[in-house]
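K.L.:
Below are the structure tokens for one structure; questions will follow.
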Amino acid sequence: MEIWINPACSKCRSAVQILDAEGAEYTVRRYLEDVPSEAEIRAVLDRLGLEPWDITRTQEAAAKELGLKAWARDAGTRDRWIAALAAHPKLIQRPLITADDGTAVVGRSEEAVRDALSRR
């Protein structure tokens, strides 16, 4: 199990506390420092069953600078979205938890974190 976090994020800290309380074995990835490649983002999206715009923080300054809200959300622009996430990792929703069964969740709620735990 791996969790992508920003230590400054309260949702990330809460997710880590739940994982620790449950004795889960996991690896922490500080994705703002250890930036995921486009291939890694694609792999996580596949595991999540989501599209890049589904995990994009559109209220971030970088999103506004890029004009993301105006970007099309379709197969033709998917690579452009993924490239933006790789170039601006702060745009990636957090925390992302990859479960041992090959799936992943966006762990913004206790229920989502516990769902990931149930998949180990």
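Each residue of the sequence shown is one higher than the one before, starting from 475 at the first, in this note's numbering.
The beta carbon of each residue, even a glycine, is placed where N, CA and C say it ideally should be.
1) Just to confirm the assignment, what range does the alpha helix (DSSP H) spanning Thr585 have?
2) Classify Arg554 as buried or exposed, calling it buried when 16 or more other Cβ atoms lie within 10 Å of its own Cβ.
3) Taking Ala482 as the reference, which of Leu506, Glu476, Ile492, Met475 has the closest Cα?
4) With DSSP as the reference, label Ala578 as helix, strand or coil.
5) State the Cα-Cα distance for the pair Pro569 and Ser488, rounded to the nearest angstrom.
6) Residues in its own chain within less than 6 angstroms of Leu542 by CB, not counting five upstream and five downstream?
7) If you draw a straight line from the C-alpha of Asp528 to the C-alpha of Ser583, how long is it?
8) Rank Asp575, Val509, Ile477 by C-alpha distance to the C-alpha of Val502 and give the top, closest one.
9) Under a three-way DSSP split, which group does Trp478 fall into?
10) Could you give the DSSP three-state label for Val509: helix, strand or coil?
11) Helix, strand or coil for Leu542, going by three-state DSSP, please let me know.
P.N.:
Walking through what the data contain:
1) It should be pointed out that residue 585 corresponds to Glu in this sequence rather than to Thr. Run containing Glu585: 584-592, per the alpha helix (DSSP H) assignment.
2) exposed
3) Leu506
4) strand
5) 10 angstroms
6) Thr532
7) 16 angstroms
8) Ile477
9) strand
10) coil
11) helix
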